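Take the sequence shown: its position 138, counted from the start at 1, is 137 in numbering that gives the first Met the number 0, and no numbers get skipped.
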Amino acid sequence: MKRFIYLFAVFFVAVSCNLEEINENPNVPTDVPLSTLLPPTQKALADVQGGQLFRINNIFSQHMEGISGRPLDFELYNPDELFVGNAWSDIHLGAIVNLKIIQDKAIEEGSPHYAGVAKILQAQAFGLLTDTWGDVPYFESALGPDEINPEYDSQEVIYDQIQNLLDEAIDHLEEEESIFTPGPDDIIYNGNLANWITAANLLKARYLMHTTKQDPTVAGEVLTYLSQAFTSTAQDFEYPYLGTGEDINPVNGFFESNETMIIDQDYIDLMESLSDPRLDFAFEILPFTGGQRKPGEYFASPESPVELAGYLEQLFLLAEARLRNSDTPGAQSALQEAVALSINEISFGEVPQDQIDTYLEDNANLSGSFEEDLEIIIREKYIALFTTPEPWTDFRRTGYPELQPNENGASAANPNGEIPRRLIYPQSERLRNQSFPSVNPTMQDRFWWDE
Numbered sequence: 000m001k002r003f004i005y006l007f008a009v010f011f012v013a014v015s016c017n018l019e020e021i022n023e024n025p026n027v028p029t030d031v032p033l034s035t036l037l038p039p040t041q042k043a044l045a046d047v048q049g050g051q052l053f054r055i056n057n058i059f060s061q062h063m064e065g066i067s068g069r070p071l072d073f074e075l076y077n078p079d080e081l082f083v084g085n086a087w088s089d090i091h092l093g094a095i096v097n098l099k100i101i102q103d104k105a106i107e108e109g110s111p112h113y114a115g116v117a118k119i120l121q122a123q124a125f126g127l128l129t130d131t132w133g134d135v136p137y138f139e140s141a142l143g144p145d146e147i148n149p150e151y152d153s154q155e156v157i158y159d160q161i162q163n164l165l166d167e168a169i170d171h172l173e174e175e176e177s178i179f180t181p182g183p184d185d186i187i188y189n190g191n192l193a194n195w196i197t198a199a200n201l202l203k204a205r206y207l208m209h210t211t212k213q214d215p216t217v218a219g220e221v222l223t224y225l226s227q228a229f230t231s232t233a234q235d236f237e238y239p240y241l242g243t244g245e246d247i248n249p250v251n252g253f254f255e256s257n258e259t260m261i262i263d264q265d266y267i268d269l270m271e272s273l274s275d276p277r278l279d280f281a282f283e284i285l286p287f288t289g290g291q292r293k294p295g296e297y298f299a300s301p302e303s304p305v306e307l308a309g310y311l312e313q314l315f316l317l318a319e320a321r322l323r324n325s326d327t328p329g330a331q332s333a334l335q336e337a338v339a340l341s342i343n344e345i346s347f348g349e350v351p352q353d354q355i356d357t358y359l360e361d362n363a364n365l366s367g368s369f370e371e372d373l374e375i376i377i378r379e380k381y382i383a384l385f386t387t388p389e390p391w392t393d394f395r396r397t398g399y400p401e402l403q404p405n406e407n408g409a410s411a412a413n414p415n416g417e418i419p420r421r422l423i424y425p426q427s428e429r430l431r432n433q434s435f436p437s438v439n440p441t442m443q444d445r446f447w448w449d450e
């Protein structure tokens, strides 16, 4: 019940006014507590990652296939400028603007613990933005809907700022005194500041690993951050849904009311070629479709969490970092732990250990060249991290797995028909923002970490 009170309170404020009106309209509360601002902001971030961005990046990564409607547009690499504006707006207005309000209010009130939590969520939000669109407004992005011409900042600068946000967040969370501290209003960690600090370290490792094309020597630093991150799945950075009413997993919500996407046959073929025991647990066969599948219970039950960053991802990052640091035995150990964890999670522990051991022996041994071993790690990560944004990012930065572009994918937005490297900007930015880049990039124009 508390969660509904928190969410309703801020919904009332949000629909009643814009940011300027909060201070001007006598009929609107003028001092919304931090404990009321935080819950819907966490949900907004989870909803957009598990909702619109899931549908976009999982089609581009060939986990999903769009068969009609908007998903078919993405399948053909020809998205609508208006539609992509929904995700852009939801990240900005649902998360980034409100997170800046929380940060400013927390510092003003002497509550650094709230500021720390908000900065970690802010780092996640900007990571989603820049990994999808490249250069985006950063320094002027939180000025609210009244600022229609925010300046664009380079992805390289934004990546530096993500690391700065996370460093500042850790400092805030380690402060001994905070007038107000998150508690039950913190839907993700219930006020466990130690878990927030470990999540910040995992995000630092993730976003540093994204830059391997720019700096192939980052593995040592990545390992340092990972050593200060999670120790088990109990610390996963995820948004837990109640599974009722409006508080349901967005993947579930989509597939309960839409038949416009199915699991991509190439993804199924990959798992079948490896005799992957997760296949029948991960996906449900749709009746009367000739074998088409949709996400299964683990990924798409009403109460399935949206994972913003988890121990499973951490193990794959650890495997890659160790491989890049010339520790192949250590890389294999982390890889096999990751794959075994994924099998157990997706199957709810129903796959016998001997089947897991066989899969690991056949598919998770590292004994080749660096590139051969890297391909195995990224392939297994690709299979395991379905519904997250990371596989599309990994494909762009490593080339693995070796995906083939969809047919008929050439368009003005995607001239050569290859798998997109980025998403087109929303029409609202192109037409209204006078600071919009002079050259509108296509989906094949690579941004900084992909160069």
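Each residue gets a CB set at the ideal place from its N, CA and C atoms; glycine is no exception. Keep in mind the model is a prediction, meaning the values are calculated, not measured.
Bounds of the beta strand (DSSP E) holding G65 are M63 to G65. Going by C-alpha positions, A339 is about 50 Å away from D145.
Restricting attention to S256, N405 and S300, the CA atom closest to the CA of F280 is found in S300.
A straight-line Cα-Cα distance of about 42 Å links Y240 and G367. For A105, no beta strand (DSSP E) run applies; the uninterrupted alpha helix (DSSP H) run containing it begins and ends at V96 to E107, by DSSP. Excluding residues up to 5 positions away in sequence, R292, K293 and G295 lie with their Cβ nearer than 7 Å to the Cβ of E283 in the same chain. Judged by their CB atoms, N56 and W447 are not nearer to each other than the 8 Å cut-off. Between A204 and L311, the gap from beta carbon to beta carbon reaches 8 Å or more. In this structure, the CA atom of Q403 is about 11 Å from the CA atom of P419. At a Cβ-Cβ threshold of 8 Å, L172 and W195 count as neighbours. Taking C-beta atoms as the reference points, D268 and L37 fail to come closer than 8 Å.
For P294, the secondary structure class from DSSP, reduced to helix, strand or coil, is strand. Note on geometry: alpha-carbon atoms of L92 and D79 lie some 20 Å from one another. For I161, the uninterrupted alpha helix (DSSP H) segment begins and ends at Q154 to L172.
In this structure, I100 and V47 do not form a Cβ contact; the two beta carbons are roughly 18 Å apart against a cut-off of 8 Å.
F125 is not a Cβ neighbour of Y113, given a cutoff of 8 Å.
Following the DSSP letters along the chain, one finds Y113 in no beta strand (DSSP E) but inside the alpha helix (DSSP H) bounded by residues P111 to W132.
Residue range V305 to A308 is occupied by the beta strand (DSSP E) that includes A308.
Distances from the alpha-carbon of I261 to those of G50, D30, S67 and L75 put S67 closest.
Within 10 angstroms of the beta-carbon of V250 lie 16 or more other beta-carbons, which makes it buried. DSSP places Y238 inside the beta strand (DSSP E), whose first and last residues are F236 to Y238. C-alpha of G65 to C-alpha of L75: approximately 8 Å in a straight line.
About 4 Å separates the beta carbons of A228 and N200, which is inside the 8 Å limit, making them a contact pair. By the neighbour-count criterion, in which a residue is buried when 16 or more other Cβ atoms sit within 10 angstroms of its Cβ, G133 is buried.
DSSP places F347 outside both helix and strand once states are collapsed to three, so it counts as coil. Separation of Y206 and Y224 (C-alpha to C-alpha, rounded to the nearest whole angstrom) is 11 Å. For V250, the three-state secondary structure derived from DSSP is helix.
Distance from the CA of P70 to the CA of F298, rounded to the nearest whole angstrom, comes to 19 Å. Membership of E283 in the beta strand (DSSP E) is indicated by the continuous run F282 to I284.
Out of E174, T180, R323 and V96, the CA that lies nearest to the CA of V221 is found in R323. Counting C-beta atoms within 10 angstroms of its own C-beta, E237 has 16 or more neighbours from the protein chains shown and is therefore classed as buried. For the segment 178-221, the continuous alpha helix (DSSP H) assignments of 4+ residues that do not extend past its boundaries occur at 192-208, in sequence order. The Cβ atoms of R421 and T131 lie closer than 8 Å to each other. DSSP links M442 through a beta bridge to no other residue. Between the segment 424-434 and the segment 399-415, the count of C-beta pairs closer than 8 Å stays below three; the two stretches do not touch. With respect to the 8 Å criterion, P436 and Y151 are classified as neighbours on the basis of their beta carbons.
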